[in-house]
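Student: In the numbering used here, the protein residues as written are 29 to 133.
Glycine residues also receive a C-beta, built at the ideal position from the N, C-alpha and C atoms.
#1: Pairing CB atoms from the stretch 65 to 81 with CB atoms from the stretch 124 to 131, are three or more of them under 8 Å?
#2: Tell me, to the nearest whole angstrom, how far the beta carbon of residue 120 is from that of residue 93; I am working on the premise that it is less than 8 Å.
#3: Within a Cβ cutoff of 7 Å, which residues of the same chain sit near residue 90, ignoring the five residues on either side of it in sequence?
#4: DSSP three-state label for residue 58, please.
#5: Indicate whether residue 101 and residue 95 have their beta-carbon atoms separated by less than 7 Å.
#6: I need the straight-line Cα distance from residue 114 to residue 69, nearest angstrom please.
#7: List the whole-angstrom C-beta distance separating residue 117 from residue 106, where the pair is believed to meet the contact cut-off of C-beta under 8 Å.
#8: Report the rounded CA-to-CA distance for residue 65 versus residue 78, giving the unit in angstroms.
#9: Would you give the residue range spanned by the alpha helix (DSSP H) that residue 118 belongs to?
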């Protein structure tokens, strides 16, 4: 068989299959935390179980909020919505923006 460069490959098909099988059977980690920095305050915050639980709680509350807002907000744009709707929407936006910032720092 020839490689992309046109030179003959020195690896046998059997050896190639064996190498591919070895790579495929190795356990693969697909955790987002594996991509974070190893040192620093932001990575410590993001890796903490409390941060994870708070984020999940805010996500759950946000889903409920979307249902409430859909039923009780007559405005078509946020600027025309009642102040309590604006406060909650901005609070969620602030939290999720801060979460992204901490995760990517």
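Tutor: In brief:
#1: yes
#2: 7 Å
#3: 120
#4: coil
#5: no
#6: 31 Å
#7: 6 Å
#8: 19 Å
#9: 111 to 132
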